[in-house]
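Enquirer:
Number of protein chains: 2
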Amino acid sequence: MAEVNKVAIVGGGVIGAAWAARFLLNGIDVAVFDLDPEVERKTREVIANARRAQTRLHGAALPPEGQLRFAPSIADAVEDADFIQESLPEREDLKQRVLADIDAAMPDHAVIGSSTSGLLPTKLQSAMNRPDRLVVGHPFNPVYLLPLVEVCGGDQTSDETIASASALYTRIGMKVLHVRHEIDGFIADRLLEAVWREALWLINDGIATASEIDDAIRFGAGLRWSFMGTFLTYRLAGGEAGMKHFLHQFGPSMEWPWTKLIGPKLTDELIETVSAQSDEQAAGIGLREYEALRDSCLVDIMHALERNDFAAGAVAKAYREGLTGMAAVTLGSDCGDGLVLSGHTSVSPEWIDYNEHLTEWAYLKLFGDGTDVVLARIGAGPDYVASGFSFYTVETHIRHLGQARLGEKVEVRTRVLGSDSKRLQLFHAMINLASGAVIATAEHMLVHVDAKAEKSVPAPDHIATAMQGLVAAQQHLAPPEGTGRTITMPG
Amino acid sequence: MAEVNKVAIVGGGVIGAAWAARFLLNGIDVAVFDLDPEVERKTREVIANARRAQTRLHGAALPPEGQLRFAPSIADAVEDADFIQESLPEREDLKQRVLADIDAAMPDHAVIGSSTSGLLPTKLQSAMNRPDRLVVGHPFNPVYLLPLVEVCGGDQTSDETIASASALYTRIGMKVLHVRHEIDGFIADRLLEAVWREALWLINDGIATASEIDDAIRFGAGLRWSFMGTFLTYRLAGGEAGMKHFLHQFGPSMEWPWTKLIGPKLTDELIETVSAQSDEQAAGIGLREYEALRDSCLVDIMHALERNDFAAGAVAKAYREGLTGMAAVTLGSDCGDGLVLSGHTSVSPEWIDYNEHLTEWAYLKLFGDGTDVVLARIGAGPDYVASGFSFYTVETHIRHLGQARLGEKVEVRTRVLGSDSKRLQLFHAMINLASGAVIATAEHMLVHVDAKAEKSVPAPDHIATAMQGLVAAQQHLAPPEGTGRTITMPG
Numbered sequence: 265m266a267e268v269n270k271v272a273i274v275g276g277g278v279i280g281a282a283w284a285a286r287f288l289l290n291g292i293d294v295a296v297f298d299l300d301p302e303v304e305r306k307t308r309e310v311i312a313n314a315r316r317a318q319t320r321l322h323g324a325a326l327p328p329e330g331q332l333r334f335a336p337s338i339a340d341a342v343e344d345a346d347f348i349q350e351s352l353p354e355r356e357d358l359k360q361r362v363l364a365d366i367d368a369a370m371p372d373h374a375v376i377g378s379s380t381s382g383l384l385p386t387k388l389q390s391a392m393n394r395p396d397r398l399v400v401g402h403p404f405n406p407v408y409l410l411p412l413v414e415v416c417g418g419d420q421t422s423d424e425t426i427a428s429a430s431a432l433y434t435r436i437g438m439k440v441l442h443v444r445h446e447i448d449g450f451i452a453d454r455l456l457e458a459v460w461r462e463a464l465w466l467i468n469d470g471i472a473t474a475s476e477i478d479d480a481i482r483f484g485a486g487l488r489w490s491f492m493g494t495f496l497t498y499r500l501a502g503g504e505a506g507m508k509h510f511l512h513q514f515g516p517s518m519e520w521p522w523t524k525l526i527g528p529k530l531t532d533e534l535i536e537t538v539s540a541q542s543d544e545q546a547a548g549i550g551l552r553e554y555e556a557l558r559d560s561c562l563v564d565i566m567h568a569l570e571r572n573d574f575a576a577g578a579v580a581k582a583y584r585e586g587l588t589g590m591a592a593v594t595l596g597s598d599c600g601d602g603l604v605l606s607g608h609t610s611v612s613p614e615w616i617d618y619n620e621h622l623t624e625w626a627y628l629k630l631f632g633d634g635t636d637v638v639l640a641r642i643g644a645g646p647d648y649v650a651s652g653f654s655f656y657t658v659e660t661h662i663r664h665l666g667q668a669r670l671g672e673k674v675e676v677r678t679r680v681l682g683s684d685s686k687r688l689q690l691f692h693a694m695i696n697l698a699s700g701a702v703i704a705t706a707e708h709m710l711v712h713v714d715a716k717a718e719k720s721v722p723a724p725d726h727i728a729t730a731m732q733g734l735v736a737a738q739q740h741l742a743p744p745e746g747t748g749r750t751i752t753m754p755g
Numbered sequence: 265m266a267e268v269n270k271v272a273i274v275g276g277g278v279i280g281a282a283w284a285a286r287f288l289l290n291g292i293d294v295a296v297f298d299l300d301p302e303v304e305r306k307t308r309e310v311i312a313n314a315r316r317a318q319t320r321l322h323g324a325a326l327p328p329e330g331q332l333r334f335a336p337s338i339a340d341a342v343e344d345a346d347f348i349q350e351s352l353p354e355r356e357d358l359k360q361r362v363l364a365d366i367d368a369a370m371p372d373h374a375v376i377g378s379s380t381s382g383l384l385p386t387k388l389q390s391a392m393n394r395p396d397r398l399v400v401g402h403p404f405n406p407v408y409l410l411p412l413v414e415v416c417g418g419d420q421t422s423d424e425t426i427a428s429a430s431a432l433y434t435r436i437g438m439k440v441l442h443v444r445h446e447i448d449g450f451i452a453d454r455l456l457e458a459v460w461r462e463a464l465w466l467i468n469d470g471i472a473t474a475s476e477i478d479d480a481i482r483f484g485a486g487l488r489w490s491f492m493g494t495f496l497t498y499r500l501a502g503g504e505a506g507m508k509h510f511l512h513q514f515g516p517s518m519e520w521p522w523t524k525l526i527g528p529k530l531t532d533e534l535i536e537t538v539s540a541q542s543d544e545q546a547a548g549i550g551l552r553e554y555e556a557l558r559d560s561c562l563v564d565i566m567h568a569l570e571r572n573d574f575a576a577g578a579v580a581k582a583y584r585e586g587l588t589g590m591a592a593v594t595l596g597s598d599c600g601d602g603l604v605l606s607g608h609t610s611v612s613p614e615w616i617d618y619n620e621h622l623t624e625w626a627y628l629k630l631f632g633d634g635t636d637v638v639l640a641r642i643g644a645g646p647d648y649v650a651s652g653f654s655f656y657t658v659e660t661h662i663r664h665l666g667q668a669r670l671g672e673k674v675e676v677r678t679r680v681l682g683s684d685s686k687r688l689q690l691f692h693a694m695i696n697l698a699s700g701a702v703i704a705t706a707e708h709m710l711v712h713v714d715a716k717a718e719k720s721v722p723a724p725d726h727i728a729t730a731m732q733g734l735v736a737a738q739q740h741l742a743p744p745e746g747t748g749r750t751i752t753m754p755g
């Protein structure tokens, strides 16, 4: 499969629409086909949610959006597609028939991913002329935010198809889990169904309500599951004795009848009970409101995990760095005229105000990070701080001259205005790389301190020499505009 | 049960030690009894982890720690305890015997909580003289961070015992789930065991490895489970059609054989396989390192959910507000001498630098929030901003005069130095309420703008009048120290 520029979505429900959004937000053109006369309205609603969530998650690191069109037929949707994602209802006969239709109309080089949550690809591909082109790509709701996609080939799926679908899913920010052995329900849905079946029994037998069961998950194990899964969690629960000890200890309880063996019958009565409890749990909060809350929690959780460079946070971070190429710059290096390059980043979602502008305190955060870069360069970095000495900022003067928006790249360039035995005077300029304009400046006075004694002391020779070296390297420059200012009300 | 001041921990393993930490960090004295000669070392290690995590989560909102002692016998541990938490190994006969011993030695008013993860309280209390005093309080690892505790009484447990144990668990920041019907495994562990059993089958049958199974959870459903549980998740998956539609659609698949019916036999071979895969998954990262990573992720996730005031985040927020009473202050009110009270908060974990001091940018965040409070008071709050007009900060001058540490309360008091048709000049002082000292000041010049046109325009009359009113109310005051300053290197 060549570079993917066009994707067709066949089946435009909750899953198909969210796939469309993920592809569009990664700059890929999308054609959607679905028999539902309301497909356009519903799809655009999902895309609007996805755009809001992905913009908070990744900001302007995302490329320009692809073009969206609604196709009148399957043949029209797929005839120029590089990749087709099928998200029809979970009926084997329906999927077999439509997959054969797609196969008949798609270009020679195209590949098909099926969103099935549990049907076997060997069966799905049985009526196709080119069965080697079908692979399962099973996503999770909301598809535009959750990273997981299970990739599973059938007997006739080619290795090339698996590789190219995996590469595409990775490109759009997903975490590919290659299911190496074909099995009903793959891996994730077998685990989910185990929980779901037991949960329905607990309601069926009157032990607990829907709301109580959700609480049993979300205030306990669910918090761990969001980044560690089951085995790593139990490894830690085993403590110093480790996994083997834990398993031996757990052995006997595997024989205890703690779960029901088969699912309860979904009688009309049970369906009524569960629905009524679900209504009560949701208590007047609408679907759209809950979706927005869900997406907001997911974005904030992924940002939280990104701070730990772990699990879904590590995937999001690597994806964004891949999009922006931000990882390549060496902070602390010279950036012309003797200035120090002390910051280079794209504007993160958490730095944004209600207007989607870089917010007031975030300027000082970026300038402060720039100060740390300069301090590291003169030998007063983290190791020096750990030794009990440091520079403290005692005074700051900021001017705001322009704006930066979510995802725009900004750079901080730093001038060392002066130094003496205890003091260091810095002047930062923040440049919006989209326009080249200086959008803010900050002048700082720092004092060298003995942190334990909490008093100022002269800096050691090697730091004093490094400070003087930077001052000397920039001495030929005219004083920057905007230093030595006071704040006063005119006339 | 009267106010709880002393708690005894009987059984000091991973669970017991973490209970000890939770009680201590809430200012309650704790006596620990365990036969393990290393109990003191192990307990103190867990408490150190808990202190680090809870301090990041709640900072100095926590009260002074309680006193810890290690008791030489059960009788010594429990004789002056108001509450006893039993965390022995999961053997019914052992627990029955020790619970009877505890009962015989404890004060008249005391209550016992058992940490059992699945044994029935009716059986556990059968050998006790005062069986009404026993209730199950089943926590989740790490007990010092996860909020969930399942509370379940046996046939002889009194309502008063259930109420007083629930009140105590709530007081120490936990979310009580009252299990109203006694059942093996209660609610949460039945769900966990369903997942665990299926996960062991997947390894036993060679379908997937421990690492792949964990990925199937943590990159997908696990992210949702951390705040929504199962039923609310599926309600949203049902889309506009809702829960009843979802259940009808799901009906057929309940009959599909997607999960094994009973657990696999834990043969030596399976134990070897799982342990080896777990070792490979952990790949050279030690237990303590993983525990620290787990705790860091949990704290950041709870802070993320706190931003959404939802699930575990809502519990953490309500708990901290209860400890500090921070919710009672009315921002924007006068605080003497005509100054505006524009900030009142305790220093949050995310505002802290490596020295546990309030970090540089956080000062500007608190001052900026103070500016918003003053703007709301003069009629330029969020509604006004939504109408397309706003005040932008164009210049800022900050002086750093002192420090604030994690959890200390700080207040921002604001003087309005001047105003004209387009401008507003503010002077904030931040006071550390622990010392009463001014630790920083900020002088700001703001300009009234038409946000769409991106240019300054005169403020409307009602805002101009409000600004002049504040200036006039403070006109009798001497000019505050530290205004109109420039940053310059002396001599």
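If you read the sequences in order, they're chains E and H. Residue numbers for the first sequence, in my numbering: 265 to 755. Residue numbers for the second sequence, in my numbering: 265 to 755. Ideal Cβ positions, reconstructed from N, Cα and C, are used throughout, including at glycine.
#1: Residues in its own chain within less than 7 Å of Ala429 (chain E) by CB, not counting five upstream and five downstream?
#2: With 7 Å as the C-beta to C-beta threshold (strictly closer), list the residues of the stretch 722-740 of chain H near chain E in chain order.
#3: If you count every other CB in all the chains shown that lies within 10 Å of the CB of Met753 (chain E), and 16 or more means buried, which is it?
#4: Report the residue from H:Gly586, H:Met438 and H:Val278 whose alpha carbon sits nearest the alpha carbon of Leu551 (chain H).
#5: Which residues in the same chain as Met438 (chain H) place their Cβ atom closer than 6 Å to its Cβ, once the five residues preceding and following it in sequence are excluded?
#6: Looking at C-beta atoms only, is the number of pairs between the stretch 568-581 of chain E and the stretch 502-513 of chain H that lie closer than 8 Å three or more?
#7: To the nearest angstrom, how far is the alpha carbon of His608 (chain E) from that of Gly634 (chain H)?
#8: Starting from the Cα of Ala736 (chain E), find the closest Cα among E:Ser699, E:Pro724, E:Arg679 and E:Lys716 and give me that residue.
#9: At the 8 Å Cβ level, is Pro521 (chain H) part of the contact set with chain E, yes or no?
#10: In the DSSP assignment, the alpha helix (DSSP H) including Pro385 (chain H) goes from what residue to what residue?
#11: Please name the residue or residues paired with Cys416 (chain H) in a DSSP beta bridge.
#12: Mind checking who Ile662 (chain H) pairs with in its DSSP beta bridge?
#13: Please decide whether Gln756 (chain E) counts as near chain H, where near means a Cβ-Cβ distance under 8 Å.
#14: Run through chain H and tell me which residues come within less than 9 Å of Lys716 (chain E), C-beta to C-beta.
#15: In angstroms, rounded to a whole number, what distance separates the CA positions of Gln667 (chain H) and Leu603 (chain E)?
#16: Determine the closest residue to Leu562 (chain H) out of E:His661, E:Ser560 and E:Met566, with distance taken between C-alpha atoms.
#17: Which stretch, first to last residue, makes up the alpha helix (DSSP H) that contains Asn468 (chain E)?
#18: Quick check on Gly748 (chain E): buried or exposed, where buried means 16 or more other Cβ atoms within 10 Å of its Cβ?
#19: Counting C-beta neighbours from all protein chains within 10 Å, is the total for Val721 (chain H) 16 or more, i.e. buried, or is it exposed?
#20: Starting from Met694 (chain H) and walking both ways along the beta strand (DSSP E), at which residues does that stretch end?
#21: Among H:His726, H:Met709 and H:Thr705, which one has its Cα closest to the Cα of Gly643 (chain H)?
#22: Just to confirm the assignment, what range does the beta strand (DSSP E) spanning Glu675 (chain E) have?
#23: Verify the CB distance criterion: does Val459 (chain H) have a CB-CB separation below 8 Å to chain E?
#24: Taking C-beta to C-beta, are Ile311 (chain E) and Ala341 (chain E) nearer than 8 Å?
#25: Does the beta carbon of Pro411 (chain E) sit closer than 8 Å to a beta carbon anywhere in chain H?
#26: Gly275 (chain H) and Leu363 (chain H) look like a contact to me (Cβ under 8 Å); what is the Cβ gap, rounded to whole Å?
#27: Taking a cut of 7 Å between CB atoms, which residues from the stretch 297-330 of chain E lie near chain H?
#28: Here's the rule: buried if 16 or more other CB atoms are within 10 angstroms of the residue's CB, otherwise exposed. What is Asp367 (chain E)?
#29: What would DSSP say about Val735 (chain E), mapped onto helix, strand or coil?
#30: List in chain order: all unbroken alpha helix (DSSP H) runs of 4+ residues lying wholly within the stretch 478-505 of chain E.
#31: Taking DSSP as the reference, what is the three-state secondary structure of Leu622 (chain H)?
#32: Less than 8 Å between CB atoms is the rule here; does Ala427 (chain E) satisfy it with respect to chain H?
#33: Go ahead and label Lys359 (chain E) buried or exposed: buried means 16 or more other beta carbons lie within 10 angstroms of its beta carbon, across all protein chains shown.
#34: Rounded to a whole number of angstroms, what is the C-alpha to C-alpha distance between Ala556 (chain E) and Gly330 (chain E)?
#35: Go ahead and pull the three-state DSSP assignment for Ile273 (chain H).
Expert: To lay it out plainly:
#1: Sequence index remark: in the first sequence, residue 429 (chain E) carries index 165 (1-based). Around Ala429 (chain E): Val375, Gly377, Val399, Gly401 and Val415.
#2: Here the close residues number zero.
#3: By 1-based counting over the first sequence, the position of residue 753 (chain E) is 489. Flag for Met753 (chain E) reads exposed.
#4: For the purposes of this step, residue 551 (chain H) is identified with residue 287 of the second sequence, where counting begins at 1. Closest by C-alpha distance to Leu551 (chain H), out of H:Gly586, H:Met438 and H:Val278, is H:Val278.
#5: In the second sequence, the residue the question calls residue 438 (chain H) occupies position 174. Excluding sequence neighbours, Met438 (chain H) sits near Pro411 and Val413.
#6: No, the stretch 568-581 of chain E does not touch the stretch 502-513 of chain H.
#7: As a position in the first sequence, residue 608 (chain E) is number 344, starting the count at 1. As a position in the second sequence, residue 634 (chain H) is number 370, starting the count at 1. Each residue's CA atom was taken as its position, placing His608 (chain E) and Gly634 (chain H) some 29 Å apart.
#8: In the first sequence, counting from the first residue as 1, residue 736 (chain E) sits at position 472. Shortest Cα-Cα distance from Ala736 (chain E) to any of E:Ser699, E:Pro724, E:Arg679 and E:Lys716 involves E:Arg679.
#9: Translated into positions along the second sequence, residue 521 (chain H) becomes position 257. At Pro521 (chain H) the pLDDT is 48, less than 50, meaning the model places this residue with poor confidence; the figure from the coordinates comes in the next sentence. Output row for Pro521 (chain H): interface = yes.
#10: Counted from its first residue, the second sequence places residue 385 (chain H) at position 121. Note, Pro385 (chain H): alpha helix (DSSP H), Pro385 to Leu388.
#11: Here residue 416 (chain H) refers to the residue found at position 152 when the second sequence is read from its first residue. BP columns for Cys416 (chain H) point to H:Val400.
#12: Position 398 of the second sequence holds residue 662 (chain H). DSSP, once it has assigned bridges, lists E:Thr660 and H:Ala706 as partnering Ile662 (chain H).
#13: This structure cannot settle anything about residue 756 (chain E), because the visible part of chain E is limited to 265 through 755.
#14: For the purposes of this step, residue 716 (chain E) is identified with residue 452 of the first sequence, where counting begins at 1. Result: empty, since nearest Cβ-Cβ is about 11 Å, beyond 9 Å.
#15: Along the second sequence, read from residue 1 onward, the residue named residue 667 (chain H) stands at position 403. Along the first sequence, read from residue 1 onward, the residue named residue 603 (chain E) stands at position 339. In a straight line, the C-alpha of Gln667 (chain H) is about 31 Å away from that of Leu603 (chain E).
#16: Here residue 562 (chain H) is taken as the residue at index 298 of the second sequence, counted from 1. Nearest to Leu562 (chain H) by alpha-carbon distance, out of E:His661, E:Ser560 and E:Met566, is E:Met566.
#17: Translated into the one-based positions of the first sequence, residue 468 (chain E) becomes position 204. If you look at Asn468 (chain E), you'll find it in the alpha helix (DSSP H) that goes Ala452 to Asn468.
#18: The residue given as residue 748 (chain E) occupies position 484 in the first sequence. Result: exposed.
#19: As a first step, residue 721 (chain H) is located in the second sequence; it is residue number 457 there, counting from the start. Val721 (chain H) is exposed by the Cβ-count criterion.
#20: Taking the second sequence and counting its residues from 1, one reaches residue 694 (chain H) at position 430. Residues Arg687 to Asn696.
#21: Reading the second sequence from its first residue, position 379 is the one you call residue 643 (chain H). Taking only the C-alpha atoms, the option nearest Gly643 (chain H) is H:His726.
#22: Counting from one through the first sequence, the residue named residue 675 (chain E) turns up at place 411. It spans Lys673 to Ser683 - the beta strand (DSSP E) in which Glu675 (chain E) sits, taken as one unbroken run.
#23: Mapped onto the second sequence, residue 459 (chain H) falls at position 195. Yes, contact with chain E.
#24: On the first sequence, position 47 is the one that residue 311 (chain E) refers to. On the first sequence, position 77 is the one that residue 341 (chain E) refers to. Contact flag unset, no.
#25: Translated into positions along the first sequence, residue 411 (chain E) becomes position 147. Yes, because at least one Cβ of chain H sits closer than 8 Å to the Cβ of Pro411 (chain E).
#26: Within the second sequence, numbered from 1, the residue matching residue 275 (chain H) stands at position 11. Within the second sequence, numbered from 1, the residue matching residue 363 (chain H) stands at position 99. Between Gly275 (chain H) and Leu363 (chain H) a beta carbon distance of about 11 Å is seen, past the 8 Å cut, so the two are scored as non-contacting.
#27: Of all residues in the stretch 297-330 of chain E, none has a C-beta nearer than 7 Å to a C-beta of chain H.
#28: Here residue 367 (chain E) refers to the residue found at position 103 when the first sequence is read from its first residue. So Asp367 (chain E) counts as buried.
#29: On the first sequence, position 471 is the one that residue 735 (chain E) refers to. Helix.
#30: Entirely contained in the stretch 478-505 of chain E, the alpha helix (DSSP H) runs reaching 4 residues are, in chain order, 486-489 and 495-501.
#31: Here the question's residue 622 (chain H) lines up with position 358 in the second sequence. Leu622 (chain H): strand per DSSP, three-state reduction.
#32: Against the first sequence, residue 427 (chain E) aligns to sequence position 163. With 8 Å as the cut-off, Ala427 (chain E) does not count as an interface residue toward chain H.
#33: Position 95 of the first sequence, counted from the first residue, corresponds to residue 359 (chain E). Result: buried.
#34: Locating residue 556 (chain E) in the first sequence gives position 292, counting from the first residue. Locating residue 330 (chain E) in the first sequence gives position 66, counting from the first residue. Looking at the two C-alpha atoms, the distance is approximately 23 Å.
#35: Within the second sequence, numbered from 1, the residue matching residue 273 (chain H) stands at position 9. Assigned with DSSP and collapsed to three states, Ile273 (chain H) falls in strand.
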